[in-house]
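Participant: The structure under discussion is supplied below as structure tokens; questions concerning it will follow.
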Amino acid sequence: MKEDLKELRSDIPLDIARWGMPGAIDFALKKDSDDIFEDSKVLVNIGPTHPAMHGAFRCMAKLNGEIIEKSYCEFGYTHRAKEKLGENRTYHQFIVYSDRLNYCSALINNVAYAMSVERLMGVELPERAIWIRMMCVEISRVIDHLICVGINAVDLGAFSYFLYGYHQREKAYTLIEKLCGARLTTSYTRIGGLMADAPDGWEKEVKDWVKETRAVVEEMDQLLTNNRIWLKRTKDVAVFNKESCLKYSFTGPNARAAGVDIDLRRDQPCMYYDKMDFDVPVAQTGDVFDRYFVRVEEIKQSLNILLQCADKIKKGPIWSEDKRVRIPDKNVVYNTMEGLIHHFKFFMTGFHVPPGEAYTAFEAANGELGFYIVSRGGTSAHRMRIRGPSFWHYQGLDPMIKGGYLADLVAALGSINVIAGELDR
Amino acid sequence: MDISKPIASNYGYFNEKYGEQWSALLGALREEHVSALDEVWMPLTHKVDLPTFIVKKDSAMDVLRSLKEKHGFDFLSDYTATDEDESPRFFLVIHLMNLGSKARVRVKIRIAENETMPTLIPLWEGANWAEREIFDMFGIHFDGHPDLRRILMDMRWEGHPLRKDYPLKGYQIFLTPEPLDPELLK
């Protein structure tokens with residue numbers, strides 16, 4: 001008999017023939033090569049490119065059956081060194097980088113960044129610019145919340161709900177496009193003003209959009225909020241209570257869903273928020289449903305604020321009179337020597353910001369967006385720290401999903417609305 | 426940096442609302458921690474927007490604990506660092522907020538290049554990732570941190586990008602994906 005057919009002989013046990021040791025086949029059948037813990041627990045890797053992750057981040061979960069026993073989250077896949085760029089670009093050049101923080105609501109980042117540099121320099125804005133900025137912020141807040149609740153619903157199987165919101169979101173992007181020509185990466189604000197004035201009749205279009213959106217949000221509310229499947233998937237799922245929220249520095253709608261009554265628009269009013277009439281919705285439990293519901297209520301409040309702004313806005317200048325930051329008008333640049341030099345110096349060298357430091361926190365759609373700028377004089381910052389709310393929210397995901405089902409991880413992640421651009425910076 | 430030049434009117438915007446509370450807090454801190462405060466920068470006399478307490482490293486935990494527990498500054502708003510050109514090289518910068526009155530303060534801690542800072546996790550668990558980021562970006566080590574690894578950069582990365590002497594151009598290319606640390610899920 002040939003040597004290589006030896007193993008077919010029936011008097012030699014299979015495990016000795018194949019592996020050369022008795023009992024090996026039993027071991028091979030029991031041993032799962034993926035089971036690195038040797039206790040039948042499964043390690044599941046979700047992301048970095050997984051449709052449920054909403055961006056490039058990764059979550060490793062150790063499962064016991066369907067229960068998440070332990071997990072850890074990783075990110076940094078879209079790290080673009082924004083803080084380092086902030087130290088090596090002029091204050092004017094950094095505006096475009098601020099868009100790419102929370103790309104679902106780029107205008108809020110623009111406004112918050114411009115405001116922080118203006119505070120550092122003591123620049124006062126004219127009324128119309130502030131009103132337009134407020135309207136931008138509220139439109140962005142509405143579309144950010146629409147995408148958050150919409151995508152959260154898609155993850156849990158409610159696809160048509162998402163399309164209602166998306167339709168209004170596209171219309172809002174058209175409004176933004178009329179302001180600045182871009183839909184997503186707006187770069188609309190300038191230090192001490194705006195890129196361009198709002199076109200004639202823009203306020204009226206916003207009003208029409210608000211009325212439309214109000215009806216749509218009402219419809220969306222009826223479609224999903226009392227839906228039995230939705231309630232079962234979201235009620236008491238991924239609970240993050242008030243104490244945990246304070247420990248992990250949650251802000252914005254995620255904190256308000258757990259009963260932390262804080263809204264920087266009301267508590268540290270900037271722009272004209274103290275003249276606005278709006279409520280701050282606060283829930284108690286801090287589960288996925290509360291985070292959803294707080295966002296839906298906030299959309300309604302933001303629409304109210306938009307109507308009030310559209311009533312109060314008047315014609316007027318959109319640029320501060322401060323000569324340090326004002327970009328010279330085109331007719332001055334093209335027709336006078338001084339204007340041309342001014343223009344050249346402005347864009348090539350940048351304007352000087354006096355030494356000092358300021359932490360400007362603004363209520364962005366996800367929570368407290370802070371710019372901590374340390375200036376030592378000169379045209380670029382000594383330190384440009386961006387406090388993105390998603391960084392702190394994503395940190396809370398591990399304790400939030402511990403002990404829950406794997407399917408609830410998707411619900412939890414969608415409900416805290418982590419945006420990779422803001423997380424990685 | 427000459428930050429001690431007097432009165433910049435543009436930093437007084439919160440002073441009207443919180444000025445009294447801030448000066449009361451400063452008085453209380455000076456009584457409780459006699460030699461802990463190196464310097465104090467207040468908004469109307471220095472070019473800062475919030476009262477900035479520069480605290481000695483050894484008494485930093487005590488000051489932060491009393492700020493959190495006695496004075497109600499229980500919300501860690503931000504935790505970061507700056508690289509100065511001076512001789513204790515770094516400043517650790519902590520922004521705290523009082524959730525009751527919504528007042529903010531800033532605490533700064535001078536720290537030299539080879540010094541370590543006790544971790545703030547016992548006070549705020551959220552400081553975990555913030556400290557990892559500071560370690561990643563500035564190379565400051567934290568005593569007692571359970572999991573001090575890089576957070577934004579690859580774990581094989583060399584150098585700490587937000588240091589001022591870090592080169593602006595250069596490549597570090599990894600041909601294999603970042604390995605999984607098996608310790609993490611044990």
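Sequence lines, in order, name chains U and H.
The first sequence runs 1 to 425 under our numbering.
The second sequence runs 426 to 611 under our numbering.
Even for Gly, the Cβ is constructed at its ideal location relative to N, Cα and C.
1) Pick out whichever of ILE401(U), ALA114(U), ASP329(U) and ASP263(U) has its Cα sitting closest to the Cα of TYR372(U).
2) Kindly say whether MET60(U), judged by its beta-carbon, lies nearer than 9 Å to any beta-carbon of chain H.
3) Nearest-angstrom Cα distance between ARG425(U) and GLU445(H)?
4) ARG58(U) by DSSP, collapsed to three states: which one?
5) Ordered along the chain, which non-local residues of its own chain (more than five positions away) have a Cβ less than 7 Å from that of ALA153(U)?
6) Could you name the residues of the same chain whose beta carbon sits closer than 6 Å to that of CYS245(U), not counting the 5 residues immediately before and after it, in chain order?
7) Indicate the three-state DSSP secondary structure (helix, strand or coil) for PRO409(H) in the structure shown.
8) Which residue or residues does DSSP assign as beta-bridge partners of VAL296(U)?
9) How long is the line joining the alpha carbons of ARG190(U) and LEU85(U), rounded to whole angstroms?
10) If you follow the alpha helix (DSSP H) that TRP131(U) is in, where does it begin and where does it stop?
11) Quick one, which of ARG58(U), TYR394(U), GLY356(U) and TRP319(U) has its alpha-carbon nearest GLU603(H)'s?
12) Compare the beta carbon distance of ASN110(U) and THR174(U) with 9 Å and say whether it is the shorter of the two.
13) Identify each residue in the region 79 to 93 of chain U for which the Cβ-Cβ distance to at least one residue of chain H is less than 9 Å, and report them in chain order.
14) So, are the CB atoms of GLY181(U) and TYR166(U) less than 9 Å apart?
15) Assuming ARG385(U) and GLY193(U) are in contact, meaning their beta carbons sit under 8 Å apart, how far apart are those beta carbons, in whole angstroms?
16) Answer yes or no: does any C-beta atom of chain U fall closer than 9 Å to that of ILE534(H)?
17) Taking its Cβ as the centre, do 16 or more other Cβ atoms sit within 10 Å of ILE565(H), making it buried, or is it exposed?
18) Since SER320(U) and GLU170(U) should fall inside the 8 Å C-beta cutoff, what is the C-beta to C-beta distance between them, to a whole number of angstroms?
19) Rounded to the nearest angstrom, how far is the Cβ of SER71(U) from that of MET60(U), given a contact under 8 Å?
20) So GLY217(U) and LYS300(U) are in contact, right, with Cβ under 8 Å, and what is the actual spacing, rounded?
21) Rounded to whole angstroms, what's the CA-CA distance from ARG557(H) to LEU397(U)? Just pull it up for me.
22) Can you name the residues of chain U whose CB is closer than 7 Å to the CB of ASN553(H)?
23) On the DSSP bridge assignment, give the partners of TRP664(H) in chain order.
24) Just the C-alpha distance for GLU69(U) and TRP202(U), rounded to the nearest angstrom, thanks.
25) What's the gap between the Cα of TYR591(H) and the Cα of GLY584(H)?
26) Please list, in chain order, the chain U residues whose beta carbon lies closer than 7 Å to that of HIS458(H).
27) Nearest chain H C-beta to ALA361(U) closer than 9 Å, yes or no?
28) If you compare alpha carbons, which of ALA112(U), ILE108(U), LYS62(U) and GLN168(U) is closest to GLU219(U)?
29) Measuring alpha carbon to alpha carbon, tell me which of ARG80(U), LYS315(U) and ALA215(U) ends up nearest ASN304(U).
Facilitator: In short:
1) Numbered from 1 along the first sequence, position 372 holds the residue referred to as residue 372(U). Checked all of ILE401(U), ALA114(U), ASP329(U) and ASP263(U); the closest Cα to TYR372(U) is ALA114(U).
2) Residue 60(U) sits at position 60 when you count from the first residue of the first sequence. Flagged as an interface residue toward chain H: MET60(U), by a C-beta distance shorter than 9 Å.
3) Counting from one through the first sequence, the residue named residue 425(U) turns up at place 425. Counting from one through the second sequence, the residue named residue 445(H) turns up at place 20. Those two C-alpha atoms are separated by around 37 Å.
4) Position 58 of the first sequence, counted from the start, is the residue given in the question as residue 58(U). Residue state, collapsed to three classes: strand.
5) Looking up residue 153(U) in the first sequence gives position 153. TYR161, PHE162 and LEU224, listed in sequence order.
6) The residue you call residue 245(U) lines up with position 245 of the first sequence. Closer than 6 Å at the Cβ level, and outside the excluded window around CYS245(U), lie ALA255, ALA258 and VAL260.
7) Given that chain H is displayed from residue 426 to residue 611, the structure contains no residue 409(H) and the question cannot be resolved.
8) Within the first sequence, the letter at position 296 stands for residue 296(U). Partner(s): none; VAL296(U) has no beta bridge.
9) Locating residue 190(U) in the first sequence gives position 190, counting from the first residue. Locating residue 85(U) in the first sequence gives position 85, counting from the first residue. Cα to Cα, ARG190(U) sits roughly 18 Å from LEU85(U).
10) Indexing the first sequence from 1 puts residue 131(U) at position 131. Taken as a continuous stretch (DSSP letters only), the alpha helix (DSSP H) holding TRP131(U) covers 127 to 155.
11) Stepping through the second sequence from its first residue, residue 603(H) is reached at position 178. Minimum Cα distance to GLU603(H) is reached at ARG58(U).
12) Position 110 of the first sequence, counted from the start, is the residue given in the question as residue 110(U). Position 174 of the first sequence, counted from the start, is the residue given in the question as residue 174(U). Not in contact: ASN110(U) and THR174(U) (Cβ atoms no closer than 9 Å).
13) HIS79, ALA81, GLU83, LYS84, GLU87 and ASN88
14) The residue labelled residue 181(U) in the question sits at position 181 within the first sequence. The residue labelled residue 166(U) in the question sits at position 166 within the first sequence. Cβ distance not < 9 Å, so GLY181(U) and TYR166(U) don't count as in contact.
15) To locate residue 385(U), count along the first sequence from 1; it is residue 385. To locate residue 193(U), count along the first sequence from 1; it is residue 193. About 25 Å; that fails the 8 Å criterion.
16) Within the second sequence, the letter at position 109 stands for residue 534(H). ILE534(H) does not count as touching chain U.
17) If you number the second sequence from 1, residue 565(H) lands on position 140. Classification of ILE565(H): buried, given that the 10 Å Cβ count is 16 or more.
18) Sequence index remark: in the first sequence, residue 320(U) carries index 320 (1-based). Sequence index remark: in the first sequence, residue 170(U) carries index 170 (1-based). The beta carbons of SER320(U) and GLU170(U) sit about 33 Å from each other, so the pair does not count as a contact at 8 Å.
19) Start at 1 with the first residue of the first sequence, and residue 71(U) comes out as number 71. Start at 1 with the first residue of the first sequence, and residue 60(U) comes out as number 60. Confirmed, about 6 Å.
20) Against the first sequence, residue 217(U) aligns to sequence position 217. Against the first sequence, residue 300(U) aligns to sequence position 300. Reading off the sequence shown, one finds Val at residue 217(U), where the question assumed Gly. Right, the Cβ-Cβ distance comes to about 6 Å (below 8 Å), so this counts as a contact.
21) Taking the second sequence and counting its residues from 1, one reaches residue 557(H) at position 132. Taking the first sequence and counting its residues from 1, one reaches residue 397(U) at position 397. Distance between the alpha carbons of ARG557(H) and LEU397(U): 17 Å.
22) Your numbering for residue 553(H) matches position 128 in the second sequence. Here the neighbours are GLN395.
23) Absent from the model: residue 664(H). The displayed extent of chain H is 426 to 611, so no value can be given.
24) One-based indexing of the first sequence puts residue 69(U) at position 69. One-based indexing of the first sequence puts residue 202(U) at position 202. If I take the Cα positions, the gap works out to 53 Å.
25) Residue 591(H) sits at position 166 when you count from the first residue of the second sequence. Residue 584(H) sits at position 159 when you count from the first residue of the second sequence. Those two C-alpha atoms are separated by around 7 Å.
26) Numbered from 1 along the second sequence, position 33 holds the residue referred to as residue 458(H). What HIS458(H) touches in chain U: nothing, since even the nearest Cβ is about 23 Å away.
27) Within the first sequence, the letter at position 361 stands for residue 361(U). Yes, ALA361(U) counts as interfacial toward chain H.
28) Counted from its first residue, the first sequence places residue 219(U) at position 219. The option with the nearest alpha carbon to GLU219(U) is GLN168(U).
29) Residue mapping note: residue 304(U) aligns to position 304 of the first sequence, counting from 1. Checked all of ARG80(U), LYS315(U) and ALA215(U); the closest Cα to ASN304(U) is ALA215(U).
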